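The structure appears right after this line, and notes come after that.
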Amino acid sequence: MDRPILEGAGTRLKTHAIHIENRELMSITGIKEVISFNDVEIVLMTDLGELRIEGNDLRITKLNVDDGNVIIEGQIIALEYEETTMQKGGLFSRVFR
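Counting from 583, one number per residue, gives the positions in the sequence shown under the numbering used here.
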C-alpha cells in the first residue's frame, strides 16, 4: 500500500509509519537506507528524514530496502528525527527567497 503523501520537485514520497509493540518490537515503513547500527543505536534514512533509534540490545531482524520496510527488536528507549536539507529547503523557503 504505497500511497504518495507529498510531491515536490518531481519526487513522490511513500507513506512513512512506525509501529511499536511493548517497547520491544518496532516495524517501520518508508525506509530508504540504513546509515549505521549497533546494539544501542540505529540510524535510518526515511522518506521524511533521518531517524535515530536509541535503546539496548537493538537488532535489525528484517530489512527490505526495496520495499522500504524494517523490523527492529530490543529495548526501545527513544526515537529522534534529524532535520534534513529537504526540510530546510522546502516549499516555503523557495517561495520566500
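Yeah, the Cβ is synthetic: ideal placement off N, Cα and C, and Gly gets one too. Being a predicted model, the structure only gives us computed values, none of them experimental.
First through last residue of the beta strand (DSSP E) which encompasses residue i
i      : result
Val652 : Asn651 to Glu664
Asp639 : Gly631 to Asn646
Arg625 : Checking the sequence, you will find Val at residue 625 rather than Arg. Run containing Val625: Glu623 to Thr628, per the beta strand (DSSP E) assignment.
Glu603 : Ala599 to Glu603
Glu615 : Ile613 to Phe619
Under 9 Å between C-beta atoms of residue i and residue j
i      : j      : result
His598 : Ile617 : no
Thr643 : Ile653 : yes
Glu655 : Arg634 : no
Alpha carbon of residue i to alpha carbon of residue j, nearest angstrom
i      : j      : result
Asp621 : Asp629 : 24 Å
Leu588 : Gly612 : Interpretation of Leu588 is limited by its pLDDT of 43, a score under 50 that renders its predicted location unreliable; the figure taken from the coordinates is listed afterwards. Cα to Cα, Leu588 sits roughly 13 Å from Gly612.
Glu623 : Glu632 : 13 Å
Glu615 : Ala660 : 19 Å
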